[in-house]
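Notes for the one structure printed next.
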Amino acid sequence: MMNILYLHVGAEMYGSDKVLYQLVTNIDKTKFTPFVVLPEHGKLEQALLEEHINVSVIPYPIMRRSFFSPYGVIRYVYQFLLSSRKLARFAREKKVKLIHVNTIAVLEGVYFKLFTKIPVLWHVHEILIKPRLIYKFTSFLIGHFSDKIVAISKATKRHLVQSKSIKSKDVSVIYNGLDFSKVSIGKNLRAELEIATTDLVVGHVGRVNAWKGQEDFLLACFPLLERNDHIHLILSGNAFRGEEWREKQLKELISKHSDISGRVHYLGYRSDMNAVFNTLDLFVSCSTRPEPFSMVTIEAMAHSCPVVAYDVGGPAEIVLNEVTGKLVKFREINALSQGISDLVLNDSLRTSMGKASEERVKKDFSMEQFISQFEALYQQCQKR
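252 is the number that the UniProt record's numbering gives to position 252 of the sequence shown; each next residue is one higher, with no gaps.
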């Protein structure tokens, strides 16, 4: 039996949170025992407890912009050393044989590599562009203080290797997988939102932050709504705590288009994501920085949604152009709008691409593939 300690960035239920949840709930419990330690309480903690996963909350610092100042660095180092000792003590008590660090914002893996003999696996979910100094710094740490490195896409791997601190041969690519047993077709939100069954719904799902592309989505779709009164938009997602002003800005942008704002539905955070995806006829992925992967894209595809996405990062590896959707030039609002329009106005193309999307996810992004690849990697670490 191999005891594994998982360290994660938070306790919500977005992309990397869901990936961690799927990993620890699906691995073979006759071979591996997961111990998840989170820095705070939240939805992820509750979801794991419901699945009888060992979860503890030990506050530890997460690398965020609030630490990017002389005082912030001192505060971070103090909290880092204090919490890392607690985590190391926890690992000893639980007889942990492997540390799985889930995202680059959790630097406590460095402490384990320096001061314990426990192997460290770094699971990279980010393509960090700016600040460049932080990108170079975190890449150096990952390259020098881990035994195994996993990237969630080829794009993520390329970005790590471009730092010059990490060699290509040292990085494995394991695509995130989707548990189809959790995909439920049927219930939707049309009645709740008063959307006719004959109307078309275009959707965007994601954290409301600086780069998830909600503004690009709206600007690309507004002209379509002005020309077609049977089209609705859905946005689902909320902001980080303390950044609620981003949601306010989004609502203000919508309200400026009063003639169509009644057909733009901002849902905030929803736990019933099956119902959200079942409401959509078309999904749009338009992050303004390269997406490392995009779990919401494969979730939408699993619900037979074709996808229009910027041709960059993870979505460019997931979406097969002109087969499961359309890839358009990065940050080109007009191209994004045209791609959406092409599918909105072509029922048969939208239907065929939706079916191809579902088949693509079942074939290439299954939970079984995801779990088996990680289990094999864990066993390699055990033999070191």
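Where a beta carbon is used, it is the ideal one built from N, C-alpha and C, also for glycine. The model shown is predicted, which means the values in this text are computed figures rather than measured ones.
Review point. In this structure, what does DSSP give as the bridge partners for F283?
Key: Here the question's residue 283 lines up with position 283 in the sequence shown. Paired residues: G203, V307.
Review point. Under the DSSP definition of a beta bridge, which residues are partnered with S236?
Key: In the sequence shown, residue 236 corresponds to position 236, counting from 1. BP columns for S236 point to V205, G268.
**Study point:** Selection from N54, L81, I231 that minimises the alpha carbon distance to T25
**Key:** For the purposes of this step, residue 25 is taken as the residue at position 25 of the sequence shown. Closest option to T25, Cα to Cα, is N54.
Review point. Does DSSP classify H52 as helix, strand or coil?
Key: Start at 1 with the first residue of the sequence shown, and residue 52 comes out as number 52. DSSP places H52 in coil when its eight states are reduced to three.
**Study point:** Assigned exposure category for A376 - 16 Cβ within 10 Å defines buried
**Key:** Position 376 of the sequence shown, counted from the start, is the residue given in the question as residue 376. Burial call: exposed.
Exercise for review: Return the chain-ordered list of same chain residues with a C-beta closer than 7 Å to the C-beta of L349, the five sequence neighbours on each side being excluded.
Suggested key: In the sequence shown, counting from the first residue as 1, residue 349 sits at position 349. Result list for L349: L343, in chain order.
Practice item. Report, in whole angstroms, the separation of the C-beta atoms of I318 and A220, which I expect to be a contact under 8 Å. Key: Taking the first residue of the sequence shown as position 1, residue 318 is located at position 318. Taking the first residue of the sequence shown as position 1, residue 220 is located at position 220. Contact doesn't hold; Cβ gap of about 19 Å is too wide.
Check your understanding: Is H204 buried or exposed, if buried means 16 or more other CB atoms sit within 10 Å of its CB?
Key -> On the sequence shown, position 204 is the one that residue 204 refers to. Buried: at least 16 other Cβ atoms inside 10 Å.
Check your understanding: According to the Cβ coordinates, are E93 and V101 closer than 9 Å?
Key -> Numbered from its first residue, the sequence shown carries residue 93 at position 93. Numbered from its first residue, the sequence shown carries residue 101 at position 101. No, these two residues do not count as a Cβ contact at 9 Å.
Practice item. Output the boundary residues of the alpha helix (DSSP H) element that contains K251. Key: Mapped onto the sequence shown, residue 251 falls at position 251. 245-255 is the extent of the alpha helix (DSSP H) around K251.
Exercise for review: Evaluate H144 with the Cβ neighbour count: other Cβ atoms within 10 Å of its Cβ, from every protein chain shown; 16 or more gives buried, anything less gives exposed.
Suggested key: As a first step, residue 144 must be located in the sequence shown, where it is residue number 144. By the neighbour-count rule (16 or more Cβ atoms within 10 Å), H144 is not buried but exposed.
Practice item. Have a look at the DSSP bridge pairing and note the partners of residue 388. Key: Residue 388 lies beyond the residue range present for the chain, which begins at 1 and ends at 384; the question has no answer from this structure.
Point to revise | Backbone CA spacing between A210 and M1 [nearest angstrom] | key: Here residue 210 is taken as the residue at index 210 of the sequence shown, counted from 1. Here residue 1 is taken as the residue at index 1 of the sequence shown, counted from 1. So the alpha carbons of these two residues sit roughly 42 Å apart.
Check your understanding: Which partner residues of H100 appear in the DSSP bridge assignment?
Key -> Taking the sequence shown and counting its residues from 1, one reaches residue 100 at position 100. Within the DSSP secondary-structure output, H100 pairs in a beta bridge with Y6, L121.
Point to revise | Within 9 Å, strictly: CB atoms of I231 and L280 | key: The residue you call residue 231 lines up with position 231 of the sequence shown. The residue you call residue 280 lines up with position 280 of the sequence shown. In this structure, I231 lies away from L280, with their beta-carbon atoms at least 9 Å apart.
Check your understanding: Would V307 be called buried (16 or more neighbouring beta carbons within 10 Å of its own) or exposed?
Key -> Residue 307 sits at position 307 when you count from the first residue of the sequence shown. Answer is buried; the Cβ neighbour count reaches 16.
Practice item. Closer than 7 Å by C-beta to N321: which residues in its own chain qualify, once you throw out the five before and the five after it? Chain order, please. Key: The residue labelled residue 321 in the question sits at position 321 within the sequence shown. These residues qualify, in order along the chain: L327.
Review point. For N238, is the beta carbon positioned less than 8 Å from some heavy atom of the ligand SAH?
Key: Of ligands this structure carries none, so the ligand SAH is not represented either.
Check your understanding: Can you tell which of K95, K187, I99, I27 has its C-alpha closest to the C-alpha of H303?
Key -> For this step, residue 303 is matched to residue 303 along the sequence shown. Comparing Cα-Cα distances from H303 to each of K95, K187, I99, I27, the minimum goes to K187.
**Study point:** Straight-line Cα distance separating D272 from F115
**Key:** Here the question's residue 115 lines up with position 115 in the sequence shown. Here the question's residue 272 lines up with position 272 in the sequence shown. Whole-angstrom Cα-Cα distance: 43 Å.
Review point. First and last residue of the beta strand (DSSP E) that includes S172?
Key: In the sequence shown, counting from the first residue as 1, residue 172 sits at position 172. Element bounds for S172: 171-173.
Practice item. Report all residues from its chain with a CB closer than 6 Å to the CB of L189; omit the five preceding and five following residues, and keep chain order. Key: Sequence index remark: in the sequence shown, residue 189 carries index 189 (1-based). Cβ neighbours of L189 beyond the five flanking positions: A275, T279.
Check your understanding: Would S287 pass as a contact of G213 if the rule is Cβ separation under 9 Å?
Key -> Numbered from 1 along the sequence shown, position 287 holds the residue referred to as residue 287. Numbered from 1 along the sequence shown, position 213 holds the residue referred to as residue 213. A contact, by the Cβ cut-off of 9 Å.
Check your understanding: Under 9 Å, do V77 and M295 count as touching if we go by C-beta distance?
Key -> By 1-based counting over the sequence shown, the position of residue 77 is 77. By 1-based counting over the sequence shown, the position of residue 295 is 295. Taking a C-beta distance under 9 Å as the contact criterion, V77 and M295 do not qualify as a contact pair.
Check your understanding: What did DSSP end up calling N188 once you bin it into helix, strand or coil?
Key -> Your numbering for residue 188 matches position 188 in the sequence shown. It is coil, neither helix nor strand.
Review point. P290 to G313, Cα distance in whole Å?
Key: Here residue 290 refers to the residue found at position 290 of the sequence shown. Here residue 313 refers to the residue found at position 313 of the sequence shown. Rounded to whole angstroms, P290 to G313 spans 5 Å at the Cα level.
Exercise for review: Report buried or exposed for F240, applying the criterion of at least 16 other Cβ atoms within 10 angstroms of its Cβ.
Suggested key: Against the sequence shown, residue 240 aligns to sequence position 240. Exposed, by the Cβ-count rule.
Review point. Between the Cα of I298 and the Cα atoms of L133, D364, I118, which residue gives the shortest distance?
Key: For the purposes of this step, residue 298 is taken as residue 298 along the sequence shown, with counting starting at 1. Checked all of L133, D364, I118; the closest Cα to I298 is D364.
Check your understanding: Hey, how far is the Cα of P34 from the Cα of V323?
Key -> As a first step, residue 34 must be located in the sequence shown, where it is residue number 34. As a first step, residue 323 must be located in the sequence shown, where it is residue number 323. Their Cα atoms are separated by approximately 39 Å.
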